[in-house]
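K.L.:
In the numbering used here, the protein residues as written are 140 to 332. Structure below; questions to follow.
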């Protein structure tokens, strides 16, 4: 992976491998994406974590959601779209028992996209962070776009997605690891600066 991409090779030589401890809890992580508009693994505000703390929960699931809603979520002003998405997630979970770890990427996408309000970015975040898919490239992720524009000198106005995808082909079968390295590199340099 790194040998075919000198920029990534330099990053890998500069910083330790990024570590993300997954919850493996798709319900929990979907709710974090909906409520905070960011998956909690990357959150800098910690809104979702604060809500969990307020409800005295370490992890969210279908069984404790009513408690979470009563003790924390009711104090948050959510848009109608977010409320509908949360309702649709609850309905999906109450009707389906999915063994997410057994599904391949295409099956996960099919299941999650059947939930109203769950789009490509959210599905990519679940595949990348929660289910730890090895070859996930969230081309629509705002932060990834910014980092790649900066590192690879890409023009954000001209063919950005296609250039990003082209670069990611050199990471074949290891796209997820490369994607995790990029924000880790950015954070490493921000903390040193």
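For glycine and all other residues, C-beta sits at the position ideal for the given N, C-alpha and C. Note that this is a predicted model, so its numbers are computed, not measured.
Which residue's Cα is closest to the Cα of residue 284: 275, 192, 269, 303?
P.N.:
The shortest Cα separation from residue 284 among 275, 192, 269, 303 belongs to 303.
K.L.:
Is it buried or exposed, residue 301, if we count other Cβ atoms within 10 angstroms and call 16 or more buried?
P.N.:
exposed
K.L.:
How about residue 245 and residue 169: are their beta carbons less than 8 Å apart?
P.N.:
Against a cut-off of 8 Å, the Cβ pair of residue 169 and residue 245 comes out as no contact.
K.L.:
Between 229, 186, 255, which lies nearest to residue 202 when the distance is taken from Cα to Cα?
P.N.:
229
K.L.:
Using the C-alpha atoms, what's the distance from residue 250 back to residue 294?
P.N.:
35 Å
K.L.:
For residue 224, I'd like the list of residues in its chain whose CB is within less than 6 Å of its CB, leaving aside the five on either flank, ordered along the chain.
P.N.:
Taken in chain order, the residues that qualify are 173, 256.
K.L.:
In this structure, does DSSP put residue 330 in helix, strand or coil?
P.N.:
Here DSSP, grouped into helix, strand and coil, assigns residue 330 to helix.
K.L.:
Look at the Cβ atom of residue 310, then the Cβ atom of residue 144, and state whether they are nearer than 8 Å.
P.N.:
yes
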